[in-house]
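Trainee: Mind looking over this structure? Questions follow.
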Amino acid sequence: MISTAITDLWYGFGVALEPHNLMYCFLGVLVGNLVGVLPGMGPVATISILLPLTFGMQPVPAILMLSGVYYGAQYGGAICSILLNLPCHPPHAVTCLDGFPLTKQGKGGTALGITIIAAFVGASFGITEMIFLAPFLVKVALEFGPAEVCSLMLVGLLAGSTLAKGSPLKGIAMTVLGLLVGIVGSDIETGQPRFTFGITELFDGVEIIALALGMFGIAEFMNSINNTETVDLRYAKVGISDMFPSKADMKLAFWPMIRGTLIGSLCALIPGTGPTIASFVSYATEKKISKTPERFGHGAIEGVACPEASTHSSVQGDFIPTMSLGIPGDTVMALLLGALIIHGIVPGPQLITQHADIFWGLIASFWIGNILLVILNVPMIGLWVKLLSIPYRYLYPSAMFFVCIGVYAANNDMFQVGETLFIGVVGYILLRLDFHPAPILLGFVLGPRFEENFRRSLLISRGDLMTFIERPISAFFLLICVVLVVAQIYVWLRKPKIVAEEQAIEAQVPTSSYSELA
Amino acid sequence: MRGNFTLKRDYYAGGLMLLLGVGAAVTGAGYKFGSLARMGPGFMPVVLGVVLAFLGLLIAGTALGSSEPERGKFLPDNPQWFGWLCIIGGPVLFIILGQYGGMIPAVFACVFVCALGDNTATYKSSAILAAGITVFGVVLFHYLLHIPFPLLRGFNL
Chain A
150 MISTAITDLW YGFGVALEPH NLMYCFLGVL VGNLVGVLPG MGPVATISIL
200 LPLTFGMQPV PAILMLSGVY YGAQYGGAIC SILLNLPCHP PHAVTCLDGF
250 PLTKQGKGGT ALGITIIAAF VGASFGITEM IFLAPFLVKV ALEFGPAEVC
300 SLMLVGLLAG STLAKGSPLK GIAMTVLGLL VGIVGSDIET GQPRFTFGIT
350 ELFDGVEIIA LALGMFGIAE FMNSINNTET VDLRYAKVGI SDMFPSKADM
400 KLAFWPMIRG TLIGSLCALI PGTGPTIASF VSYATEKKIS KTPERFGHGA
450 IEGVACPEAS THSSVQGDFI PTMSLGIPGD TVMALLLGAL IIHGIVPGPQ
500 LITQHADIFW GLIASFWIGN ILLVILNVPM IGLWVKLLSI PYRYLYPSAM
550 FFVCIGVYAA NNDMFQVGET LFIGVVGYIL LRLDFHPAPI LLGFVLGPRF
600 EENFRRSLLI SRGDLMTFIE RPISAFFLLI CVVLVVAQIY VWLRKPKIVA
650 EEQAIEAQVP TSSYSELA
Chain B
-1 MRGNFTLKRD YYAGGLMLLL GVGAAVTGAG YKFGSLARMG PGFMPVVLGV
49 VLAFLGLLIA GTALGSSEPE RGKFLPDNPQ WFGWLCIIGG PVLFIILGQY
99 GGMIPAVFAC VFVCALGDNT ATYKSSAILA AGITVFGVVL FHYLLHIPFP
149 LLRGFNL
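Here the protein sequences line up with chains A and B, keeping their order. Under the numbering used here, the first residue of the first sequence is numbered 150, with each subsequent residue one higher. Under the numbering used here, the first residue of the second sequence is numbered -1, with each subsequent residue one higher.
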């Protein structure tokens, strides 16, 4: 098993190191790092803007670049938290708690250095996990019939909506809304137009880019206009030489890093628990097992190392269910899945064998991308710090330009711009009503495949719903669904200790005006 | 503040979902429903619509039962009507000017209007930003990426 993995990986490096692919991988991580640093821009909006620009490209460089944006943004996100105390990227919100006190003590550079090391350790483990776990999952998943796929999707949808931030009930409602939005367009089997209201442009369905940019672009700008804190750059002075941590700091951070990595990689395997939850859980754990918990919140280096390592290992692990099963765990993965479909690649267990260049090339590009990011972040830290001072009033009009032209370029159609605007306004109303937009995208991407498999499995069983329970694997997935629902009701009725603790930490994190930049 | 916005936000949230769900189910009922073994195009819309309506009721219902204090109003504390108008106005101008004028006027107007939405923005600062973005946009999207979008309709640039 190990030898095949190494051969495949070798092949992957061959793909990823082709100059063309390498260039796009570099471009991806660079753009990702950039938007990660900028307060008020998130990877979801960025990937949606870049997506139409990849239409003319080969699928391999396109996917390498778009993935690079995602993990690249994680490197940048920590800078914002540590130096400015701005939790503009949810996975790094918890890093503020100890990162900013360290900055105030003049140790911001050390914190950043530790962050980069933790990031690399976490990411490396996440990638290794993917190398060995994904082919194994595929072997299992190849046995799945439509009934199993259906139940598995149900797990993914339910987990994605209930384990995310906010009220689980509202999360499920948003997933169902997403499924309904996914129905818009012509029915696959009969060609009957559904929910098109006579608009010809809607016959092909709602454009994924319009949905993502409406929800995470326009709605987000409406939420944060004239509502952002002034950026306080008083402490943000960091040189390269400050970034190398002392031996004592390294010793202090070593075990928290390992623990964070393990927690992150576990969280990646549970559908619906992305990097944000991983970072909160690992911070809580680290604080609990520490001999000196009173140091946390006042600049403990462990409080930076642990959540950062877990974020990055979870980010890389996030790709596992998406690439091996075709079930995305969060918004970014849903978007990447959409990108695969646009490029004519059917996601699912057959992806690894049919498109080995994408799968192994992607894994190899993770290593290369992470190394590039480490190299980028050390000498360029001064530039990143300068970027932090770009005011929001220049940022959002520029982003609006990219939104408009990006959506237009997808189909060369002005109708899509209007569609995005409409979705954006609706998205803002939903945001004000405490609905989080992430599950909509999840439901939207999985919706058509869910319906197709649901119809097919009932066609096979001649309309007998018992087929979902009679098949053991499908029954197992449905059992997980039941457990998820029961657990939510339990949490709702009596808040257990762990949840209370997590909420206590969440309450300490400085509130961000950037609400949902997943 | 306004009396009608002091109601719990969750009532609105639940009500909206109920409305959307019923709407989807009613619209879906117009398509062929079919049977479980042979589902028509109307099956999923109706089922999902009913589920959404039910969730709406649950959301409103749990708000009724919870004793938690009101967390916030529907409108933010300082509504940014002008800012919102600018953000909506930008893409609208982009569509109109893009259709009839071309890329240069569309991009300039879009960025200019969006930028005006900020409290600290002036006409001058917005115009400078819009001009800069227009130049950048033309170079990137027209000359490098070749998207089919004439710079100025009627002129062959």
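Positions of the beta carbon are idealized from the N, C-alpha and C atoms, including for glycine. Given the structure is predicted, the values throughout are model-derived calculations rather than measurements.
1. Are there 16 or more other CB atoms within 10 angstroms of the CB of B:Phe153, so buried, or fewer, so exposed?
2. Going by DSSP in three states, B:Leu14 sits in which element: helix, strand or coil?
3. For a quick check, are the C-beta atoms of A:Leu176 and A:Ile196 less than 8 Å apart?
4. Within the 8 Å Cβ cut-off, does B:Gly54 reach chain A?
5. For the segment 594 to 603 of chain A against the segment 330 to 346 of chain A, are there 3 or more C-beta pairs whose distance is under 8 Å?
6. Assuming the contact rule is C-beta atoms closer than 8 Å, A:Leu362 and A:Thr569 should be a hit. Round their C-beta distance to whole Å, please.
7. Taking the alpha helix (DSSP H) that A:His169 belongs to, which residues open and close that run?
8. With respect to the alpha helix (DSSP H) encompassing A:Lys253, which residues constitute its N-terminal and C-terminal limits?
9. Here's the rule: buried if 16 or more other CB atoms are within 10 angstroms of the residue's CB, otherwise exposed. What is A:Gly531?
10. How many angstroms separate the CA atom of A:Thr425 from the CA atom of A:Ser335?
11. Quick one: which residues of the segment 124 to 149 of chain B get their C-beta closer than 8 Å to a C-beta of chain A? List them in chain order.
12. On a Cα-Cα basis, can you pick out the residue from A:Phe468, A:His492, A:Ile407, A:Gly423 that is closest to A:Cys455?
13. Looking at the structure shown, is A:Gly191 part of a helix, part of a strand, or coil, going by DSSP?
14. Looking at B:Gly47: is its Cβ nearer than 8 Å to the Cβ of B:Gly19?
15. Quick one: any contact between the segment 573 to 589 of chain A and the segment 225 to 234 of chain A, if contact means 3 or more CB pairs under 8 Å?
16. Should B:Met42 be labelled buried (16 or more other beta-carbon atoms within 10 Å of its own) or exposed?
17. Using CA coordinates, which residue listed in A:Met323, A:Leu251, A:Leu307, A:Pro188 is at the minimum distance from A:Leu580?
18. Could one say the Cβ of A:Ala211 lies closer than 8 Å to chain B's Cβ atoms, at least one of them?
19. So is B:Phe31 in contact with chain A if we call contact Cβ pairs under 8 Å?
20. Can a CB atom of chain A be found closer than 8 Å to the CB of B:Ala113?
21. Consult DSSP for A:Ser335 and reduce its assignment to one of helix, strand or coil.
22. Looking at A:Thr311 and A:Gly305, is the spacing between their C-beta atoms short of 8 Å?
23. Is it buried or exposed, A:Ile151, if we count other Cβ atoms within 10 angstroms and call 16 or more buried?
24. Whose CA, out of A:Tyr224, A:Tyr577, A:Trp533, A:Trp516, lies closest to the CA of A:Glu457?
25. Between the C-alpha atoms of A:Gly102 and B:Gly100, what's the straight-line distance to the nearest angstrom?
26. With a floor of 4 residues, list each alpha helix (DSSP H) that falls wholly inside the segment 17 to 69 of chain B, ordered by position along the chain.
27. Which residues, in chain order, does the segment 202 to 235 of chain A contribute to contact with chain B at a C-beta distance below 7 Å?
28. Is A:Pro192 near A:Val186, with beta carbons less than 8 Å apart?
29. Please compile the residues from chain A whose C-beta is within a distance smaller than 9 Å of the C-beta of B:Pro25.
30. If you run the structure through DSSP and keep just helix, strand and coil, what is A:Arg611?
31. Measuring only the C-alpha atoms, how far is A:Lys253 from A:Arg542?
32. Return the residues of the segment 91 to 118 of chain B that lie within a Cβ-Cβ distance of less than 7 Å from chain A, sorted by chain order.
33. Compute the distance between the beta-carbons of A:Pro477 and A:Glu435, then report whether it is under 8 Å.
34. By DSSP's criteria, A:Pro342 is part of a beta bridge. Which residues make up the other side?
35. Quick one: what's got a C-beta closer than 6 Å to B:Phe92's C-beta in the same chain, skipping five residues either side?
Mentor: The structure says:
1. The count along the second sequence starts at 1 and reaches residue 153 of chain B at position 155. Result: exposed.
2. Taking the second sequence and counting its residues from 1, the one referred to as residue 14 of chain B is at position 16. Looking at B:Leu14 - three-state DSSP - the assignment turns out to be helix.
3. Residue 176 of chain A sits at position 27 when you count from the first residue of the first sequence. Residue 196 of chain A sits at position 47 when you count from the first residue of the first sequence. Contact flag unset, no.
4. Looking up residue 54 of chain B in the second sequence gives position 56. So, interface residue.
5. yes
6. Sequence index remark: in the first sequence, residue 362 of chain A carries index 213 (1-based). Sequence index remark: in the first sequence, residue 569 of chain A carries index 420 (1-based). So it is a contact: roughly 5 Å between Cβ atoms.
7. Taking the first sequence and counting its residues from 1, one reaches residue 169 of chain A at position 20. Start and end: 168 to 186.
8. Your numbering for residue 253 of chain A matches position 104 in the first sequence. From DSSP, the alpha helix (DSSP H) with A:Lys253 extends over 245 to 253.
9. Counting from one through the first sequence, the residue named residue 531 of chain A turns up at place 382. The residue in question, A:Gly531, is exposed, as its Cβ has fewer than 16 Cβ neighbours within 10 Å.
10. As a first step, residue 425 of chain A is located in the first sequence; it is residue number 276 there, counting from the start. As a first step, residue 335 of chain A is located in the first sequence; it is residue number 186 there, counting from the start. One C-alpha to the other measures close to 37 Å.
11. Ser124, Leu127, Ala128, Ile131, Gly135, Phe139, Leu143, Ile145, Pro146, Phe147
12. For the purposes of this step, residue 455 of chain A is taken as residue 306 along the first sequence, with counting starting at 1. It is A:Ile407 whose Cα lies nearest to the Cα of A:Cys455.
13. Translated into the one-based positions of the first sequence, residue 191 of chain A becomes position 42. Residue state, collapsed to three classes: coil.
14. Here residue 47 of chain B refers to the residue found at position 49 of the second sequence. Here residue 19 of chain B refers to the residue found at position 21 of the second sequence. Yes, the pair counts as a contact, with Cβ atoms nearer than the cut-off.
15. no
16. Residue 42 of chain B sits at position 44 when you count from the first residue of the second sequence. Burial call: buried.
17. Here the question's residue 580 of chain A lines up with position 431 in the first sequence. The candidate whose alpha carbon is nearest that of A:Leu580 is A:Met323.
18. As a first step, residue 211 of chain A must be located in the first sequence, where it is residue number 62. No, A:Ala211 does not count as interfacial toward chain B.
19. Locating residue 31 of chain B in the second sequence gives position 33, where the first residue counts as 1. Answer no: the Cβ-Cβ gap between B:Phe31 and chain A never drops below 8 Å.
20. One-based indexing of the second sequence puts residue 113 of chain B at position 115. Yes, B:Ala113 lies at the interface with chain A (some Cβ there is under 8 Å from its Cβ).
21. As a working mapping, residue 335 of chain A is identified with position 186 in the first sequence. Note: A:Ser335 maps to strand in three-state DSSP.
22. The residue you call residue 305 of chain A lines up with position 156 of the first sequence. The residue you call residue 311 of chain A lines up with position 162 of the first sequence. The answer is no: Cβ separation not under 8 Å.
23. In the first sequence, counting from the first residue as 1, residue 151 of chain A sits at position 2. Exposed: under 16 other Cβ atoms inside 10 Å.
24. Start at 1 with the first residue of the first sequence, and residue 457 of chain A comes out as number 308. Measuring from the Cα of A:Glu457, the nearest candidate turns out to be A:Tyr224.
25. With chain A running from 150 to 667 in the structure shown, residue 102 of chain A is simply not present.
26. 41 to 63
27. Leu202
28. For the purposes of this step, residue 192 of chain A is taken as residue 43 along the first sequence, with counting starting at 1. For the purposes of this step, residue 186 of chain A is taken as residue 37 along the first sequence, with counting starting at 1. Not closer than 8 Å, so no.
29. Mapped onto the second sequence, residue 25 of chain B falls at position 27. Per the sequence presented here, residue 25 of chain B reads as Thr, with Pro not at that position. Within 9 Å Cβ-Cβ: Arg343, Phe344, Phe346.
30. As a first step, residue 611 of chain A is located in the first sequence; it is residue number 462 there, counting from the start. Note: A:Arg611 maps to coil in three-state DSSP.
31. Against the first sequence, residue 253 of chain A aligns to sequence position 104. Against the first sequence, residue 542 of chain A aligns to sequence position 393. Cα-Cα distance, rounded: 27 Å.
32. Phe92, Ile93, Gly96, Gln97, Val105, Cys108, Val109, Cys112, Ala113, Gly115, Asp116, Asn117, Thr118
33. Within the first sequence, the letter at position 328 stands for residue 477 of chain A. Within the first sequence, the letter at position 286 stands for residue 435 of chain A. Result no, Cβ atoms of A:Pro477 and A:Glu435 do not sit closer than 8 Å.
34. Position 193 of the first sequence, counting from 1, holds the residue named residue 342 of chain A. In DSSP, A:Pro342 forms a bridge with A:Ser335.
35. For the purposes of this step, residue 92 of chain B is taken as the residue at position 94 of the second sequence. Counting only Cβ-Cβ distances below 6 Å, and skipping sequence neighbours, we find Ala104, Cys108.
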